[in-house]
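Peer 1:
Protein chains: 2
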Amino acid sequence: MDKTTFTAARMDRLTPYVAGEQPKDKQYIKLNTNENPYPPSPSIKDAILSELENLYLYPDPDSFKLREAIASDCGVSPEYVFCGNGSDEVLSFVFYAFFGDNRLNDRPNAEPMLFPDITYSFYPVYAAFYNILYKTIPLDENFRIIPADYSRPSSGVIFPNPNAPTSVCLEYNEIRELLEYHKERVVAVDEAYIAFGGESMVKYIDKYPNLLIIRTLSKSHSLAGMRVGFAVGQPHLISALKRVKDSFNSYPVDRIAAAAAVAAITDKEYFNKTTAKIINTRERFIENIKEIGFSVSDSKANFVFISHKTVKADILKAKLTDSGILVRHFDKPRINNHLRVTIGTDKDMDYVSEVLRKFAQ
Amino acid sequence: MDKTTFTAARMDRLTPYVAGEQPKDKQYIKLNTNENPYPPSPSIKDAILSELENLYLYPDPDSFKLREAIASDCGVSPEYVFCGNGSDEVLSFVFYAFFGDNRLNDRPNAEPMLFPDITYSFYPVYAAFYNILYKTIPLDENFRIIPADYSRPSSGVIFPNPNAPTSVCLEYNEIRELLEYHKERVVAVDEAYIAFGGESMVKYIDKYPNLLIIRTLSKSHSLAGMRVGFAVGQPHLISALKRVKDSFNSYPVDRIAAAAAVAAITDKEYFNKTTAKIINTRERFIENIKEIGFSVSDSKANFVFISHKTVKADILKAKLTDSGILVRHFDKPRINNHLRVTIGTDKDMDYVSEVLRKFAQ
Numbered sequence: 000m001d002k003t004t005f006t007a008a009r010m011d012r013l014t015p016y017v018a019g020e021q022p023k024d025k026q027y028i029k030l031n032t033n034e035n036p037y038p039p040s041p042s043i044k045d046a047i048l049s050e051l052e053n054l055y056l057y058p059d060p061d062s063f064k065l066r067e068a069i070a071s072d073c074g075v076s077p078e079y080v081f082c083g084n085g086s087d088e089v090l091s092f093v094f095y096a097f098f099g100d101n102r103l104n105d106r107p108n109a110e111p112m113l114f115p116d117i118t119y120s121f122y123p124v125y126a127a128f129y130n131i132l133y134k135t136i137p138l139d140e141n142f143r144i145i146p147a148d149y150s151r152p153s154s155g156v157i158f159p160n161p162n163a164p165t166s167v168c169l170e171y172n173e174i175r176e177l178l179e180y181h182k183e184r185v186v187a188v189d190e191a192y193i194a195f196g197g198e199s200m201v202k203y204i205d206k207y208p209n210l211l212i213i214r215t216l217s218k219s220h221s222l223a224g225m226r227v228g229f230a231v232g233q234p235h236l237i238s239a240l241k242r243v244k245d246s247f248n249s250y251p252v253d254r255i256a257a258a259a260a261v262a263a264i265t266d267k268e269y270f271n272k273t274t275a276k277i278i279n280t281r282e283r284f285i286e287n288i289k290e291i292g293f294s295v296s297d298s299k300a301n302f303v304f305i306s307h308k309t310v311k312a313d314i315l316k317a318k319l320t321d322s323g324i325l326v327r328h329f330d331k332p333r334i335n336n337h338l339r340v341t342i343g344t345d346k347d348m349d350y351v352s353e354v355l356r357k358f359a360q
Numbered sequence: 000m001d002k003t004t005f006t007a008a009r010m011d012r013l014t015p016y017v018a019g020e021q022p023k024d025k026q027y028i029k030l031n032t033n034e035n036p037y038p039p040s041p042s043i044k045d046a047i048l049s050e051l052e053n054l055y056l057y058p059d060p061d062s063f064k065l066r067e068a069i070a071s072d073c074g075v076s077p078e079y080v081f082c083g084n085g086s087d088e089v090l091s092f093v094f095y096a097f098f099g100d101n102r103l104n105d106r107p108n109a110e111p112m113l114f115p116d117i118t119y120s121f122y123p124v125y126a127a128f129y130n131i132l133y134k135t136i137p138l139d140e141n142f143r144i145i146p147a148d149y150s151r152p153s154s155g156v157i158f159p160n161p162n163a164p165t166s167v168c169l170e171y172n173e174i175r176e177l178l179e180y181h182k183e184r185v186v187a188v189d190e191a192y193i194a195f196g197g198e199s200m201v202k203y204i205d206k207y208p209n210l211l212i213i214r215t216l217s218k219s220h221s222l223a224g225m226r227v228g229f230a231v232g233q234p235h236l237i238s239a240l241k242r243v244k245d246s247f248n249s250y251p252v253d254r255i256a257a258a259a260a261v262a263a264i265t266d267k268e269y270f271n272k273t274t275a276k277i278i279n280t281r282e283r284f285i286e287n288i289k290e291i292g293f294s295v296s297d298s299k300a301n302f303v304f305i306s307h308k309t310v311k312a313d314i315l316k317a318k319l320t321d322s323g324i325l326v327r328h329f330d331k332p333r334i335n336n337h338l339r340v341t342i343g344t345d346k347d348m349d350y351v352s353e354v355l356r357k358f359a360q
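So the protein sequences, as listed, match chains A and B. Reminder that position 115 of the first sequence reads as 114 in numbering that gives the first Met the number 0, one-by-one numbering, no gaps. Reminder that position 326 of the second sequence reads as 325 in numbering that gives the first Met the number 0, one-by-one numbering, no gaps.
(1) In angstroms with no decimal places, state the Cα-to-Cα distance between residue 53 of chain A and residue 80 of chain A.
(2) Taking the alpha carbon of residue 247 of chain A as the reference point, which residue from B/22, B/259, B/98, B/89 has its own alpha carbon closest?
(3) At a Cβ threshold of 8 Å, is residue 117 of chain B touching chain A?
(4) Quick check on residue 18 of chain B: does DSSP put it in helix, strand or coil?
(5) In terms of residues, what are the limits of the alpha helix (DSSP H) holding residue 318 of chain A?
(6) For the stretch 188 to 211 of chain B, enumerate the residues whose C-beta is nearer than 7 Å to any C-beta of chain A, in chain order.
(7) Assuming residue 19 of chain B contacts residue 6 of chain B under a Cβ cut-off of 8 Å, what Cβ separation, rounded to an integer in Å, is found between them?
(8) Just reading off the alpha helix (DSSP H) that residue 124 of chain B is part of, what are its end residues?
(9) Can you tell me whether DSSP reads residue 293 of chain B as helix, strand or coil?
(10) Residues in the stretch 216 to 230 of chain B with C-beta within 8 Å of chain A's C-beta atoms, listed in sequence order?
(11) Short of 9 Å Cβ to Cβ, which residues in the stretch 236 to 249 of chain A face chain B?
(12) With DSSP run on the structure shown, which of helix, strand or coil describes residue 354 of chain B?
(13) Which value, in whole angstroms, describes the spacing of the CA atoms of residue 146 of chain A and residue 205 of chain A?
(14) Could you check whether the Cβ of residue 254 of chain B sits closer than 8 Å to any Cβ belonging to chain A?
(15) With three or more beta-carbon pairs closer than 8 Å as the criterion, would you say the stretch 245 to 261 of chain B touches the stretch 120 to 135 of chain A?
(16) Would you say the stretch 334 to 353 of chain A touches the stretch 268 to 287 of chain A, given that touching needs at least three Cβ pairs under 8 Å?
(17) Taking 8 Å as the cut-off, decide whether the C-beta atoms of residue 188 of chain B and residue 142 of chain B are in contact.
(18) Starting from the C-beta of residue 37 of chain B, find all residues in its chain whose C-beta is less than 6 Å away, skip the five residues before and the five after it, and write them out in chain order.
(19) How many angstroms separate the CA atom of residue 224 of chain B from the CA atom of residue 82 of chain A?
(20) At least one CB of chain A closer than 8 Å to the CB of residue 134 of chain B: is that the case?
(21) Give me the residue from B/229, B/17, B/218 with the minimum Cα distance to residue 63 of chain B.
(22) Answer yes or no: do residue 212 of chain A and residue 231 of chain A have a C-beta to C-beta separation smaller than 8 Å?
(23) What first and last residue would you give for the beta strand (DSSP E) that runs through residue 339 of chain A?
(24) Check residue 139 of chain A in the structure and name its three-state DSSP category.
(25) Taking the beta strand (DSSP E) that residue 159 of chain A falls in, what are its first and last residues?
(26) Would you list, in chain order, the members of the stretch 18 to 34 of chain B that have their beta-carbon closer than 7 Å to a beta-carbon of chain A?
(27) How would you list, in chain order, the residues of chain B whose beta-carbon sits under 7 Å from the beta-carbon of residue 124 of chain A?
(28) Would you mind reading off the limits of the alpha helix (DSSP H) that contains residue 187 of chain B?
(29) Which value, in whole angstroms, describes the spacing of the CA atoms of residue 326 of chain B and residue 96 of chain B?
(30) Tell me, please, whether the stretch 287 to 306 of chain A touches the stretch 65 to 73 of chain A by the rule of three or more beta-carbon pairs shorter than 8 Å.
(31) Please state the DSSP three-state secondary structure of residue 334 of chain A.
(32) With a threshold of 8 Å between beta carbons, is residue 70 of chain A in contact with chain B?
(33) Terminal residues of the continuous alpha helix (DSSP H) containing residue 177 of chain A?
(34) Strictly under 8 Å for the Cβ-Cβ distance: is residue 0 of chain A near chain B by that measure?
(35) In chain A, which residues lie with their C-beta within 8 Å of the C-beta of residue 55 of chain B?
(36) Using three-state DSSP, classify residue 0 of chain B as helix, strand or coil.
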């Protein structure tokens, strides 16, 4: 019997996402998955311990307390907030709810959803998962998103702001152009890295019924290990996401994740301190490596996207790995001579600078 | 502007699952969501604390240590195990990977997937989510699954064993009939409640390439609040589930959930003690309420499915709620005169018996 008969035909569409490597063999300086180098707020410990006695009970399916904490942090009310198991799950629900087979697509020629050609590489994976037609729009030669290039019929738009892996950020006036052109479609702004210097679109949420913002606590609040992501948008968008969740998994956010997330979000002082440190380290690192012939995109993220004037990226990546440093290299058109380097501690980055200085000057 | 234009047409298919109520207004004896009345193994506390320092790092995307612990518990090797965010997420991936649009469905008349008419009410929700054709097969008048009734072309079969909300369990010889008839299709056995007296199909896993078992730690290991579920099957089935996960969310099981689950699974003695207590309480409770005119299905679960010879289920439910006891009533054909009552502690169940004795004798 041919075992392939067991899987449904839709499985042939899938090209799974490949996350950055998580080596088990030795200790590396891990600058390949954009984790925060600092531990989460110490306040999470008591929050976690206080949930231990409740673990035999299901969590609140609607994560109300967590949505309250996020809402308060974002200056909106809880019905503007949806929570999920990391922003990856939230993004998947966004694709299901809003993109690809919209009502207007009953026209003979379906309109594709749009995202940049160089961007978070999970987007085409989600599109394939739900059989959503998409079209990628090229970044310009400076890796910038050009809003005018998105002025075409679509079933929706998504992009990270700042973009990944390029680290470049759009401003409100540019995003407004997208929101206004696509006013009958959802424009999803993936703010995974917004804490590190960009301007969040949250303050414009009441102005645009088609604006949906997606965030994660993985990077900004050092909770990559806990899986908490969320979306902020007007209640009609949030209700749609809730309908998707309730048709997939009633309780994607567990009790401890919710409690830890509330504690981390509430400790604003710690958040401000750690993000300021990372921004400061990033600027120092950029200065150091520009001196030795690197070009660096204007970063508003906790990573930088770099290339060297003479030494190829794959060679540099190998040298860094040999020196115990993991970074990410994407073997893809236009960016295969770049490296994405997460910003670690000052000590981490001084060591990276030192290694780069040895091999790339 | 009509706001409904924002959602994709596929959203119209959804009829979200409705979980048992989680009241916030007062303390109830909560026998409505099949939670375990005992706390999880005390060993989870240290396991959780030991993960705190790693929370800034992503979890292992393949949950290897957890899969090892489950594999060892089930007597298989880790490549036979897939883990997800509760068995609800695992079930959703099973529907996506194996049901509904199989290759043989390129025939003019697509074959539906099959499940019982009275069963876990999330199954039709998943089917709608992925646009999967299904057909329900009636239980017999004693709420038993009759394997011969499933002898018809299908794109796969799923059922809980013991079934929910009926609590009735099939035996190996009956399930074998399903596996052999549908040998080119996946037969998924949802063993959410198998710890409470049924015989697991895990020992037959090498015999049937189409057998997939789904379990959860929510009930058996008192971890409903932590969201850990898993599937056991031959590696070709597990790889398919991994492809689905990696196209949806790289890290659905967080660090603390994985650590707590490993500790709970490893504490076999505690597991044996608590499940034995629940089984014992269940048998006492059944005996007590049979005396006062209840008929009770033969339960192999941590709940019982009951009806009274004269007093209607909705009236009894209201009386129980007034007395501070929550149970589940499904307002559906064939079972709207039944109540599903989770087995709590002896003290809980003595109180339930006492209340029932007052209103139903």
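Glycine is no exception: its CB is placed at the ideal position from the N, C-alpha and C atoms.
Peer 2: Let me lay it out:
(1) Along the first sequence, read from residue 1 onward, the residue named residue 53 of chain A stands at position 54. Along the first sequence, read from residue 1 onward, the residue named residue 80 of chain A stands at position 81. So the two alpha carbons sit approximately 24 Å from each other.
(2) The count along the first sequence starts at 1 and reaches residue 247 of chain A at position 248. The option with the nearest alpha carbon to residue 247 of chain A is B/89.
(3) What you label residue 117 of chain B is simply residue 118 of the second sequence in a count that begins at 1. By this cut-off, residue 117 of chain B is not an interface position.
(4) Sequence index remark: in the second sequence, residue 18 of chain B carries index 19 (1-based). Looking at residue 18 of chain B - three-state DSSP - the assignment turns out to be coil, as it is neither helix nor strand.
(5) For this step, residue 318 of chain A is matched to residue 319 along the first sequence. First-last of the alpha helix (DSSP H) with residue 318 of chain A: 312 to 321.
(6) Shown in chain order are the members of the stretch 188 to 211 of chain B whose Cβ falls below 7 Å from a Cβ of chain A: 208, 209.
(7) Locating residue 19 of chain B in the second sequence gives position 20, counting from the first residue. Locating residue 6 of chain B in the second sequence gives position 7, counting from the first residue. In fact, because the Cβ distance is near 27 Å, the residues do not count as touching under 8 Å.
(8) Position 125 of the second sequence, counting from 1, holds the residue named residue 124 of chain B. Per DSSP, residue 124 of chain B belongs to the alpha helix (DSSP H) from 122 to 128.
(9) The sequence position of residue 293 of chain B within the second sequence is 294, counting from 1. In the structure shown, the three-state DSSP call for residue 293 of chain B is strand.
(10) Going along the stretch 216 to 230 of chain B in chain order, one finds 217, 221, 222, 223, 224, 225, 226 with a Cβ nearer than 8 Å to chain A.
(11) Cβ contacts with chain B: 236, 239, 241, 242, 243, 244, 245, 246, 247, 248, 249.
(12) As a first step, residue 354 of chain B is located in the second sequence; it is residue number 355 there, counting from the start. Here residue 354 of chain B sits in helix by DSSP.
(13) Translated into positions along the first sequence, residue 146 of chain A becomes position 147. Translated into positions along the first sequence, residue 205 of chain A becomes position 206. Inter-residue distance for residue 146 of chain A and residue 205 of chain A is about 21 Å (C-alpha atoms, whole angstroms).
(14) The sequence position of residue 254 of chain B within the second sequence is 255, counting from 1. Interface residue, yes.
(15) Inter-segment contact for the stretch 245 to 261 of chain B and the stretch 120 to 135 of chain A is present: three or more beta-carbon pairs are separated by less than 8 Å.
(16) Counting Cβ pairs under 8 Å, three or more are found: they touch.
(17) As a working note, residue 188 of chain B is residue 189 in the second sequence. As a working note, residue 142 of chain B is residue 143 in the second sequence. Contact: no.
(18) Looking up residue 37 of chain B in the second sequence gives position 38. 221, 273, listed in sequence order.
(19) On the second sequence, position 225 is the one that residue 224 of chain B refers to. On the first sequence, position 83 is the one that residue 82 of chain A refers to. Answer to the nearest angstrom: the Cα atoms are 16 Å apart.
(20) The residue given as residue 134 of chain B occupies position 135 in the second sequence. Answer no: the Cβ-Cβ gap between residue 134 of chain B and chain A never drops below 8 Å.
(21) By one-based count along the second sequence, residue 63 of chain B stands at place 64. Selected option, being the one with the closest Cα: B/229.
(22) Within the first sequence, numbered from 1, the residue matching residue 212 of chain A stands at position 213. Within the first sequence, numbered from 1, the residue matching residue 231 of chain A stands at position 232. Judged by their CB atoms, residue 212 of chain A and residue 231 of chain A are nearer to each other than the 8 Å cut-off.
(23) Start at 1 with the first residue of the first sequence, and residue 339 of chain A comes out as number 340. Its beta strand (DSSP E) spans residues 338 to 341.
(24) If you number the first sequence from 1, residue 139 of chain A lands on position 140. DSSP places residue 139 of chain A in coil when its eight states are reduced to three.
(25) The residue given as residue 159 of chain A occupies position 160 in the first sequence. Note, residue 159 of chain A: beta strand (DSSP E), 156 to 159.
(26) For the stretch 18 to 34 of chain B, which is checked against every Cβ of chain A, the residues closer than 7 Å are 18, 21, 32, 34.
(27) Working through the first sequence from its first residue, we reach residue 124 of chain A at position 125. The answer, in chain order, is 246.
(28) Start at 1 with the first residue of the second sequence, and residue 187 of chain B comes out as number 188. That residue, residue 187 of chain B, is in no alpha helix (DSSP H); its beta strand (DSSP E) goes 186 to 189.
(29) By 1-based counting over the second sequence, the position of residue 326 of chain B is 327. By 1-based counting over the second sequence, the position of residue 96 of chain B is 97. In this structure, the CA atom of residue 326 of chain B is about 34 Å from the CA atom of residue 96 of chain B.
(30) Per the Cβ contact rule, the stretch 287 to 306 of chain A is not in contact with the stretch 65 to 73 of chain A (fewer than 3 Cβ pairs under 8 Å).
(31) Looking up residue 334 of chain A in the first sequence gives position 335. It is coil, neither helix nor strand.
(32) Numbered from 1 along the first sequence, position 71 holds the residue referred to as residue 70 of chain A. Taking Cβ atoms only, chain B never reaches closer than 8 Å to residue 70 of chain A, which makes this a no.
(33) Along the first sequence, read from residue 1 onward, the residue named residue 177 of chain A stands at position 178. First-last of the alpha helix (DSSP H) with residue 177 of chain A: 171 to 180.
(34) Within the first sequence, the letter at position 1 stands for residue 0 of chain A. Per-residue confidence for residue 0 of chain A stands at a pLDDT of 42, beneath the threshold of 50, marking its modelled position as unreliable; the derived number appears in the next sentence. At least one chain B Cβ lies under 8 Å of residue 0 of chain A.
(35) One-based indexing of the second sequence puts residue 55 of chain B at position 56. In chain order, 34, 35, 36, 37, 38, 39, 221, 222, 223, 224 make up the part of chain A whose C-beta sits under 8 Å from the C-beta of residue 55 of chain B.
(36) Counted from its first residue, the second sequence places residue 0 of chain B at position 1. Residue placement at residue 0 of chain B is poorly supported in this model, since its pLDDT is 41, which falls under 50; the coordinates are not used for a value here.
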